[in-house]
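*Asks:* Residue numbers (the working numbering): -1 to 331. We put the beta carbon where it would ideally sit given N, CA and C, even for glycine. Note that this is a predicted model, so its numbers are computed, not measured.
(1) Beta-carbon within less than 6 Å of residue 19's beta-carbon, same chain only, minus the 5 sequence neighbours each way: which residues are those?
(2) If contacts are defined as beta-carbon pairs under 8 Å, then residue 102 and residue 185 qualify, I think. What distance do you get, rounded to the angstrom?
(3) Tell me residue 34's beta-bridge partners as DSSP assigns them.
(4) Run through DSSP, which three-state label would residue 259 get?
(5) Between residue 243 and residue 285, is the Cβ-Cβ spacing less than 8 Å?
(6) Does residue 75 pass the burial test, meaning 16 or more other C-beta atoms within 10 Å, or should it be called exposed?
(7) Determine the direct distance from the alpha carbon of residue 312 to that of residue 329, and round the result to whole angstroms.
(8) Considering residue 191, what are the terminal residues of the alpha helix (DSSP H) in which it resides?
(9) What do you reckon, are the CB atoms on residue 207 and residue 159 nearer than 8 Å?
(10) Which residues in the same chain have their Cβ closer than 7 Å to the Cβ of residue 331, if we skip the five residues on either side of it in sequence?
(11) Which of helix, strand or coil does DSSP assign to residue 90?
(12) Relative to the alpha-carbon of residue 118, which residue among 211, 180, 223 and 179 has its alpha-carbon at the smallest distance?
(13) Taking the alpha carbon of residue 182 as the reference point, which residue from 205, 236, 201 and 246 has its own alpha carbon closest?
(14) Which of helix, strand or coil does DSSP assign to residue 141?
(15) Quick check for students: name the residue ranges of the alpha helix (DSSP H) that lie wholly in the region 263 to 326, counting only runs of 4 or more.
(16) Hey, could you find the ends of the alpha helix (DSSP H) residue 50 is sitting in?
(17) Taking the alpha-carbon of residue 120 as reference, which of 69, 221, 199 and 197 has the nearest alpha-carbon?
(18) Here's a check: name, in chain order, each residue in its chain whose Cβ is nearer than 6 Å to the Cβ of residue 352, leaving out the five neighbours to either side.
(19) Measure the CB-CB distance between residue 61 and residue 151 and report whether it falls below 8 Å.
(20) Rounded to a whole number of angstroms, what is the C-alpha to C-alpha distance between residue 217 and residue 187?
(21) Return helix, strand or coil for residue 155, following the three-state DSSP convention.
(22) If you reduce the DSSP assignment to three classes, tell me which class residue 205 lands in.
(23) Thinking C-beta only, is residue 134 closer than 8 Å to residue 157?
(24) Could you spell out where the alpha helix (DSSP H) holding residue 237 opens and where it closes?
(25) Kindly list the residues whose CB is nearer than 8 Å to the CB of residue 316, restricted to its own chain and excluding five residues on each side of it in sequence; keep chain order.
(26) Please confirm if the region 159 to 171 is in contact with the region 252 to 262, defined as three or more CB-CB distances below 8 Å between the two stretches.
(27) Rounded to a whole number of angstroms, what is the C-alpha to C-alpha distance between residue 122 and residue 32?
(28) Using 10 angstroms around the beta-carbon of residue 12, count the other beta-carbons present and answer buried if the total reaches 16, otherwise exposed.
(29) Could you check the C-alpha separation between residue 241 and residue 231 for me, to the nearest Å?
(30) Compare the Cα-Cα distances from residue 113 to each of 153, 89, 264 and 29 and report the closest residue.
(31) Helix, strand or coil: which one does DSSP assign to residue 148?
(32) Note down the Cα distance separating residue 306 from residue 229, rounded to an integer number of angstroms.
(33) Tell me whether residue 181 sits in a helix, a strand or coil according to DSSP, three-state version.
(34) Have a look at 318, 210, 73 and 57 and flag the residue whose alpha-carbon is nearest the alpha-carbon of residue 289.
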(Lines of atoms letter the chains of each structure in order from A and count residues from 1; the text may use other names and numbers.)
(Lines give C-alpha, C1' and ligand atoms only; values in the text may rest on other atoms or scores of the structure.)
Protein backbone atom coordinates (compact mmCIF):
# COMPACT_ATOMS: atom_id res chain seq x y z
CA UNK A 1 0.00 0.00 0.00
CA UNK A 2 1.39 3.35 -1.06
CA UNK A 3 1.60 5.69 1.89
CA UNK A 4 2.99 9.16 2.52
CA UNK A 5 3.38 10.97 5.82
CA UNK A 6 4.25 14.62 5.28
CA UNK A 7 5.63 17.26 7.62
CA UNK A 8 4.23 20.55 6.34
CA UNK A 9 6.58 22.71 8.31
CA UNK A 10 9.76 20.87 7.34
CA UNK A 11 9.14 19.39 3.89
CA UNK A 12 12.28 18.93 1.80
CA UNK A 13 13.48 16.30 -0.63
CA UNK A 14 15.68 13.78 0.60
CA UNK A 15 -9.29 9.41 -0.14
CA UNK A 16 -12.53 7.54 1.12
CA UNK A 17 -15.03 9.28 -0.95
CA UNK A 18 -16.24 6.80 -3.58
CA UNK A 19 -15.68 8.07 -7.09
CA UNK A 20 -17.78 6.41 -9.76
CA UNK A 21 -17.41 6.88 -13.50
CA UNK A 22 -19.35 9.46 -15.45
CA UNK A 23 -19.26 13.25 -15.42
CA UNK A 24 -22.39 13.61 -13.34
CA UNK A 25 -21.12 11.29 -10.60
CA UNK A 26 -17.70 12.92 -10.56
CA UNK A 27 -19.30 16.30 -10.06
CA UNK A 28 -21.44 14.91 -7.26
CA UNK A 29 -18.33 13.49 -5.61
CA UNK A 30 -16.98 17.02 -5.29
CA UNK A 31 -20.26 18.31 -3.88
CA UNK A 32 -20.30 15.47 -1.35
CA UNK A 33 -16.98 16.49 0.17
CA UNK A 34 -17.30 16.68 3.93
CA UNK A 35 -14.63 16.89 6.60
CA UNK A 36 -14.97 13.84 8.82
CA UNK A 37 -14.56 14.86 12.46
CA UNK A 38 -12.18 12.12 13.53
CA UNK A 39 -10.88 14.54 16.16
CA UNK A 40 -14.30 14.60 17.87
CA UNK A 41 -14.64 10.82 17.87
CA UNK A 42 -11.18 10.41 19.42
CA UNK A 43 -11.99 13.05 22.04
CA UNK A 44 -15.27 11.29 22.89
CA UNK A 45 -13.35 8.08 23.56
CA UNK A 46 -10.65 9.77 25.66
CA UNK A 47 -12.91 12.07 27.67
CA UNK A 48 -15.88 9.76 28.27
CA UNK A 49 -14.33 6.31 27.75
CA UNK A 50 -17.06 5.83 25.16
CA UNK A 51 -17.36 2.29 23.83
CA UNK A 52 -19.28 3.46 20.76
CA UNK A 53 -16.51 5.98 19.97
CA UNK A 54 -13.85 3.29 20.39
CA UNK A 55 -15.80 1.03 18.04
CA UNK A 56 -15.86 3.80 15.43
CA UNK A 57 -12.10 4.34 15.78
CA UNK A 58 -11.46 0.69 15.07
CA UNK A 59 -14.04 0.14 12.33
CA UNK A 60 -15.24 3.28 10.51
CA UNK A 61 -11.88 5.04 11.03
CA UNK A 62 -9.52 2.10 11.01
CA UNK A 63 -7.12 3.59 8.44
CA UNK A 64 -7.01 6.96 10.18
CA UNK A 65 -6.42 5.27 13.55
CA UNK A 66 -3.65 3.12 12.12
CA UNK A 67 -1.84 6.15 10.70
CA UNK A 68 -2.27 8.10 13.93
CA UNK A 69 -1.00 5.33 16.19
CA UNK A 70 1.75 3.88 14.03
CA UNK A 71 3.04 6.79 11.95
CA UNK A 72 2.16 10.03 13.71
CA UNK A 73 2.38 9.18 17.42
CA UNK A 74 4.40 5.96 17.07
CA UNK A 75 2.73 4.38 20.07
CA UNK A 76 2.97 0.86 18.69
CA UNK A 77 0.94 -1.32 16.35
CA UNK A 78 -2.77 -0.77 15.89
CA UNK A 79 -3.45 -4.46 16.58
CA UNK A 80 -1.56 -4.53 19.91
CA UNK A 81 -3.73 -5.83 22.75
CA UNK A 82 -3.16 -2.77 24.93
CA UNK A 83 -2.98 -0.11 22.22
CA UNK A 84 -6.41 1.38 23.00
CA UNK A 85 -5.38 1.91 26.60
CA UNK A 86 -2.09 3.48 25.47
CA UNK A 87 -3.94 5.82 23.15
CA UNK A 88 -6.35 6.92 25.87
CA UNK A 89 -3.57 7.44 28.42
CA UNK A 90 -1.53 9.45 25.90
CA UNK A 91 -4.35 11.90 25.17
CA UNK A 92 -5.28 12.13 28.87
CA UNK A 93 -2.20 14.26 29.53
CA UNK A 94 -3.32 17.59 31.02
CA UNK A 95 -1.57 19.69 28.38
CA UNK A 96 -3.10 17.65 25.57
CA UNK A 97 -6.53 17.90 27.17
CA UNK A 98 -6.21 21.69 27.15
CA UNK A 99 -4.93 21.68 23.57
CA UNK A 100 -7.77 19.40 22.44
CA UNK A 101 -10.41 21.53 24.15
CA UNK A 102 -9.03 24.72 22.61
CA UNK A 103 -8.73 23.18 19.15
CA UNK A 104 -12.25 21.72 19.13
CA UNK A 105 -13.63 25.06 20.26
CA UNK A 106 -11.74 27.01 17.61
CA UNK A 107 -12.70 24.58 14.85
CA UNK A 108 -16.29 23.95 15.89
CA UNK A 109 -17.46 24.94 12.40
CA UNK A 110 -15.80 23.50 9.28
CA UNK A 111 -18.11 25.11 6.70
CA UNK A 112 -15.53 27.56 5.37
CA UNK A 113 -12.91 24.84 5.02
CA UNK A 114 -15.36 22.47 3.33
CA UNK A 115 -16.22 25.17 0.80
CA UNK A 116 -12.50 25.67 0.19
CA UNK A 117 -11.88 21.98 -0.38
CA UNK A 118 -14.86 21.76 -2.74
CA UNK A 119 -13.69 24.77 -4.72
CA UNK A 120 -10.13 23.49 -4.97
CA UNK A 121 -11.02 19.92 -5.90
CA UNK A 122 -13.60 21.11 -8.41
CA UNK A 123 -10.86 23.01 -10.22
CA UNK A 124 -8.45 20.07 -9.92
CA UNK A 125 -11.05 17.66 -11.30
CA UNK A 126 -11.57 19.95 -14.26
CA UNK A 127 -7.84 19.86 -14.96
CA UNK A 128 -7.36 16.19 -14.02
CA UNK A 129 -10.64 14.32 -14.70
CA UNK A 130 -9.28 10.96 -13.50
CA UNK A 131 -8.26 12.38 -10.12
CA UNK A 132 -9.70 10.49 -7.17
CA UNK A 133 -10.95 12.75 -4.43
CA UNK A 134 -9.62 11.67 -1.03
CA UNK A 135 -11.57 11.13 2.14
CA UNK A 136 -10.83 14.30 4.15
CA UNK A 137 -10.71 14.32 7.93
CA UNK A 138 -9.52 16.42 10.87
CA UNK A 139 -7.51 15.08 13.77
CA UNK A 140 -5.51 16.04 16.86
CA UNK A 141 -1.90 14.99 16.29
CA UNK A 142 -0.46 16.23 19.62
CA UNK A 143 1.55 18.86 17.74
CA UNK A 144 3.09 16.30 15.41
CA UNK A 145 2.44 16.15 11.64
CA UNK A 146 0.32 18.93 10.22
CA UNK A 147 -0.92 16.93 7.23
CA UNK A 148 -1.22 13.20 6.56
CA UNK A 149 -1.69 11.90 3.02
CA UNK A 150 -2.30 8.21 2.44
CA UNK A 151 -4.18 5.83 0.20
CA UNK A 152 -7.47 7.64 -0.46
CA UNK A 153 -7.20 9.82 2.63
CA UNK A 154 -6.14 13.37 3.43
CA UNK A 155 -6.00 14.44 7.05
CA UNK A 156 -5.03 17.68 8.75
CA UNK A 157 -4.31 18.35 12.41
CA UNK A 158 -6.39 21.19 13.81
CA UNK A 159 -4.05 21.51 16.80
CA UNK A 160 -1.30 22.66 14.39
CA UNK A 161 -3.36 25.58 13.02
CA UNK A 162 -4.52 27.43 16.12
CA UNK A 163 -2.97 30.77 15.14
CA UNK A 164 0.57 31.99 15.50
CA UNK A 165 -0.17 33.75 18.80
CA UNK A 166 -1.64 30.66 20.47
CA UNK A 167 -0.13 30.49 23.95
CA UNK A 168 1.04 26.88 23.85
CA UNK A 169 2.92 27.36 20.57
CA UNK A 170 5.21 29.91 22.18
CA UNK A 171 6.59 27.14 24.40
CA UNK A 172 7.44 24.67 21.67
CA UNK A 173 7.93 26.54 18.38
CA UNK A 174 10.12 29.29 16.98
CA UNK A 175 8.53 32.46 15.62
CA UNK A 176 9.18 31.44 12.01
CA UNK A 177 7.44 28.10 12.60
CA UNK A 178 4.42 29.72 14.23
CA UNK A 179 4.00 31.99 11.22
CA UNK A 180 2.42 29.10 9.27
CA UNK A 181 0.41 27.68 12.15
CA UNK A 182 -2.83 29.47 11.42
CA UNK A 183 -6.19 28.38 9.96
CA UNK A 184 -5.74 29.97 6.53
CA UNK A 185 -2.74 27.69 5.85
CA UNK A 186 -4.79 24.48 6.07
CA UNK A 187 -6.01 24.55 2.47
CA UNK A 188 -2.69 25.37 0.76
CA UNK A 189 -0.86 22.86 2.94
CA UNK A 190 -3.38 20.09 2.24
CA UNK A 191 -3.49 20.68 -1.52
CA UNK A 192 0.30 21.00 -1.76
CA UNK A 193 1.03 17.73 -0.01
CA UNK A 194 -1.81 15.94 -1.75
CA UNK A 195 -0.23 16.89 -5.09
CA UNK A 196 3.24 15.95 -3.83
CA UNK A 197 1.87 12.46 -3.16
CA UNK A 198 0.05 12.24 -6.49
CA UNK A 199 3.08 13.49 -8.45
CA UNK A 200 6.15 12.38 -6.48
CA UNK A 201 9.67 13.48 -7.30
CA UNK A 202 11.13 10.89 -9.74
CA UNK A 203 13.27 8.29 -7.99
CA UNK A 204 15.80 8.25 -10.82
CA UNK A 205 16.36 12.01 -10.65
CA UNK A 206 19.77 12.92 -9.20
CA UNK A 207 18.26 15.85 -7.36
CA UNK A 208 20.00 18.90 -8.72
CA UNK A 209 18.83 22.17 -7.19
CA UNK A 210 17.16 23.18 -10.46
CA UNK A 211 15.11 19.98 -10.54
CA UNK A 212 14.10 20.09 -6.88
CA UNK A 213 13.35 23.80 -7.04
CA UNK A 214 11.10 23.52 -10.09
CA UNK A 215 9.42 20.38 -8.75
CA UNK A 216 8.29 22.21 -5.62
CA UNK A 217 7.58 25.37 -7.60
CA UNK A 218 5.23 23.69 -10.08
CA UNK A 219 3.13 22.21 -7.26
CA UNK A 220 2.92 25.55 -5.46
CA UNK A 221 2.11 27.20 -8.80
CA UNK A 222 -0.83 24.82 -9.32
CA UNK A 223 -2.06 25.38 -5.76
CA UNK A 224 -1.89 29.15 -6.27
CA UNK A 225 -4.09 28.75 -9.35
CA UNK A 226 -6.72 26.40 -7.96
CA UNK A 227 -7.07 28.40 -4.73
CA UNK A 228 -6.96 31.67 -6.68
CA UNK A 229 -4.25 33.44 -4.73
CA UNK A 230 -3.54 36.99 -5.84
CA UNK A 231 0.20 36.38 -5.91
CA UNK A 232 2.77 33.64 -5.52
CA UNK A 233 4.03 35.31 -2.39
CA UNK A 234 0.59 35.00 -0.82
CA UNK A 235 0.53 31.27 -1.60
CA UNK A 236 3.95 30.92 0.04
CA UNK A 237 2.71 32.80 3.13
CA UNK A 238 4.98 35.77 2.50
CA UNK A 239 4.25 39.17 3.97
CA UNK A 240 3.96 42.05 1.51
CA UNK A 241 7.43 43.18 2.58
CA UNK A 242 8.91 39.72 1.91
CA UNK A 243 7.34 39.49 -1.52
CA UNK A 244 8.52 42.98 -2.41
CA UNK A 245 12.01 41.99 -1.28
CA UNK A 246 11.98 39.00 -3.65
CA UNK A 247 10.75 41.09 -6.55
CA UNK A 248 13.34 43.79 -5.96
CA UNK A 249 16.20 41.27 -5.59
CA UNK A 250 15.17 38.70 -8.22
CA UNK A 251 18.00 39.62 -10.59
CA UNK A 252 20.56 39.39 -7.81
CA UNK A 253 19.21 36.04 -6.62
CA UNK A 254 19.23 34.57 -10.12
CA UNK A 255 22.67 35.98 -10.89
CA UNK A 256 24.10 34.54 -7.68
CA UNK A 257 22.68 31.09 -8.44
CA UNK A 258 24.17 31.12 -11.94
CA UNK A 259 27.56 32.53 -10.98
CA UNK A 260 28.07 29.95 -8.25
CA UNK A 261 26.82 26.99 -10.27
CA UNK A 262 24.15 26.25 -7.71
CA UNK A 263 21.51 25.13 -10.22
CA UNK A 264 23.52 21.98 -10.93
CA UNK A 265 24.42 21.34 -7.30
CA UNK A 266 23.27 18.18 -5.52
CA UNK A 267 24.71 19.31 -2.20
CA UNK A 268 21.89 18.91 0.39
CA UNK A 269 23.19 21.90 2.35
CA UNK A 270 22.93 24.20 -0.66
CA UNK A 271 19.50 22.87 -1.58
CA UNK A 272 18.23 23.40 1.97
CA UNK A 273 19.39 27.00 1.98
CA UNK A 274 17.16 27.75 -0.99
CA UNK A 275 14.16 25.61 -0.08
CA UNK A 276 13.92 25.06 3.65
CA UNK A 277 11.17 26.77 5.61
CA UNK A 278 13.53 28.45 8.04
CA UNK A 279 14.85 32.02 8.31
CA UNK A 280 18.22 33.25 7.12
CA UNK A 281 19.00 29.98 5.41
CA UNK A 282 19.59 31.43 1.96
CA UNK A 283 22.66 33.33 0.84
CA UNK A 284 21.16 36.81 0.80
CA UNK A 285 21.31 38.22 4.32
CA UNK A 286 19.03 38.48 7.31
CA UNK A 287 16.26 40.24 5.42
CA UNK A 288 15.71 37.50 2.88
CA UNK A 289 12.53 35.45 3.36
CA UNK A 290 12.31 31.68 3.55
CA UNK A 291 12.13 29.50 0.45
CA UNK A 292 13.62 32.00 -1.98
CA UNK A 293 14.36 29.07 -4.27
CA UNK A 294 10.70 28.08 -4.44
CA UNK A 295 9.65 31.66 -5.11
CA UNK A 296 12.24 31.95 -7.88
CA UNK A 297 11.12 28.60 -9.27
CA UNK A 298 7.52 29.82 -9.41
CA UNK A 299 8.65 32.75 -11.54
CA UNK A 300 10.29 30.30 -13.96
CA UNK A 301 7.20 28.08 -14.05
CA UNK A 302 4.99 31.12 -14.63
CA UNK A 303 7.21 32.25 -17.50
CA UNK A 304 7.14 28.72 -18.94
CA UNK A 305 3.35 28.56 -18.81
CA UNK A 306 3.01 31.98 -20.45
CA UNK A 307 5.11 30.67 -23.33
CA UNK A 308 3.06 27.45 -23.51
CA UNK A 309 -0.48 28.75 -23.34
CA UNK A 310 -2.01 25.43 -24.41
CA UNK A 311 -0.33 23.44 -21.65
CA UNK A 312 -2.71 22.21 -18.97
CA UNK A 313 -1.97 22.05 -15.25
CA UNK A 314 -2.08 18.25 -15.54
CA UNK A 315 0.63 18.33 -18.20
CA UNK A 316 2.68 20.68 -16.05
CA UNK A 317 2.45 18.35 -13.06
CA UNK A 318 3.48 15.40 -15.23
CA UNK A 319 6.48 17.18 -16.73
CA UNK A 320 9.79 16.22 -15.14
CA UNK A 321 12.30 17.60 -17.67
CA UNK A 322 13.25 20.68 -15.70
CA UNK A 323 16.24 21.61 -17.84
CA UNK A 324 13.89 21.84 -20.78
CA UNK A 325 11.37 23.77 -18.69
CA UNK A 326 13.99 26.37 -17.84
CA UNK A 327 15.19 26.62 -21.43
CA UNK A 328 11.70 26.99 -22.86
CA UNK A 329 10.59 29.41 -20.17
CA UNK A 330 12.80 32.15 -21.63
CA UNK A 331 13.13 33.31 -18.05
CA UNK A 332 14.81 36.67 -17.65
CA UNK A 333 14.25 38.36 -14.28
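*Replies:* A quick look at the data gives this:
(1) Position 21 of the chain shown, counted from the start, is the residue given in the question as residue 19. The predicted model places residue 19 with a pLDDT of 27, which falls under 50 and marks its position as unreliable; any figure quoted below should be read in that light. So no residue of the chain qualifies.
(2) Working through the chain shown from its first residue, we reach residue 102 at position 104. Working through the chain shown from its first residue, we reach residue 185 at position 187. Not a contact, Cβ separation roughly 20 Å.
(3) Counting from one through the chain shown, the residue named residue 34 turns up at place 36. Answer is 135.
(4) One-based indexing of the chain shown puts residue 259 at position 261. DSSP places residue 259 in coil when its eight states are reduced to three.
(5) Counting from 1 along the chain shown, the entry for residue 243 is found at position 245. Counting from 1 along the chain shown, the entry for residue 285 is found at position 287. Cβ atoms of residue 243 and residue 285: closer than 8 Å.
(6) The sequence position of residue 75 within the chain shown is 77, counting from 1. That one is exposed.
(7) In the chain shown, counting from the first residue as 1, residue 329 sits at position 331. In the chain shown, counting from the first residue as 1, residue 312 sits at position 314. Cα to Cα, the separation comes out at about 22 Å.
(8) Taking the chain shown and counting its residues from 1, the one referred to as residue 191 is at position 193. First-last of the alpha helix (DSSP H) with residue 191: 184 to 196.
(9) Here the question's residue 207 lines up with position 209 in the chain shown. Here the question's residue 159 lines up with position 161 in the chain shown. The answer is no: Cβ separation not under 8 Å.
(10) By 1-based counting over the chain shown, the position of residue 331 is 333. Around residue 331: 248, 249, 252 and 297.
(11) Locating residue 90 in the chain shown gives position 92, counting from the first residue. Of the three classes helix, strand and coil, the one that applies to residue 90 here is coil, per DSSP.
(12) Looking up residue 118 in the chain shown gives position 120. Selected option, being the one with the closest Cα: 223.
(13) One-based indexing of the chain shown puts residue 182 at position 184. It is 236.
(14) The sequence position of residue 141 within the chain shown is 143, counting from 1. Of the three classes helix, strand and coil, the one that applies to residue 141 here is coil, per DSSP.
(15) 266 to 273, 290 to 304 and 311 to 316
(16) Your numbering for residue 50 matches position 52 in the chain shown. That run of the alpha helix (DSSP H) goes 49 to 56.
(17) Taking the first residue of the chain shown as position 1, residue 120 is located at position 122. If we check each option's Cα against that of residue 120, 221 comes out closest.
(18) With the chain represented from -1 up to 331, any question about residue 352 goes unanswered, as that position is not in the structure.
(19) Numbered from 1 along the chain shown, position 63 holds the residue referred to as residue 61. Numbered from 1 along the chain shown, position 153 holds the residue referred to as residue 151. A contact, by the Cβ cut-off of 8 Å.
(20) Position 219 of the chain shown, counted from the first residue, corresponds to residue 217. Position 189 of the chain shown, counted from the first residue, corresponds to residue 187. About 11 Å.
(21) Counting from 1 along the chain shown, the entry for residue 155 is found at position 157. Strand at residue 155.
(22) In the chain shown, residue 205 corresponds to position 207, counting from 1. Residue state, collapsed to three classes: coil.
(23) Locating residue 157 in the chain shown gives position 159, counting from the first residue. Locating residue 134 in the chain shown gives position 136, counting from the first residue. Taking 8 Å as the Cβ cut-off, residue 157 and residue 134 do not qualify as a contacting pair.
(24) Looking up residue 237 in the chain shown gives position 239. Premise fails: residue 237 is in no alpha helix (DSSP H) and is neither H nor E.
(25) The residue you call residue 316 lines up with position 318 of the chain shown. Contacts found: 197.
(26) no
(27) As a working note, residue 122 is residue 124 in the chain shown. As a working note, residue 32 is residue 34 in the chain shown. Roughly 17 Å separates the two Cα atoms.
(28) Locating residue 12 in the chain shown gives position 14, counting from the first residue. With a pLDDT of 34 at residue 12, under the threshold of 50, the modelled position of this residue cannot be trusted; read the value that follows with caution. Residue 12 should be labelled exposed.
(29) Here residue 241 corresponds to residue number 243 of the chain shown, with the count starting at 1. Here residue 231 corresponds to residue number 233 of the chain shown, with the count starting at 1. Computed Cα separation, rounded: 5 Å.
(30) In the chain shown, residue 113 corresponds to position 115, counting from 1. Residue 113 has its Cα closest to that of 29, out of 153, 89, 264 and 29.
(31) Position 150 of the chain shown, counted from the start, is the residue given in the question as residue 148. In the structure shown, residue 148 sits in a strand (DSSP, three-state: E or B).
(32) As a working note, residue 306 is residue 308 in the chain shown. As a working note, residue 229 is residue 231 in the chain shown. Those two C-alpha atoms are separated by around 20 Å.
(33) Walking along the chain shown from the start, residue 181 turns up at place 183. Helix at residue 181.
(34) To locate residue 289, count along the chain shown from 1; it is residue 291. Answer by Cα proximity: 210.
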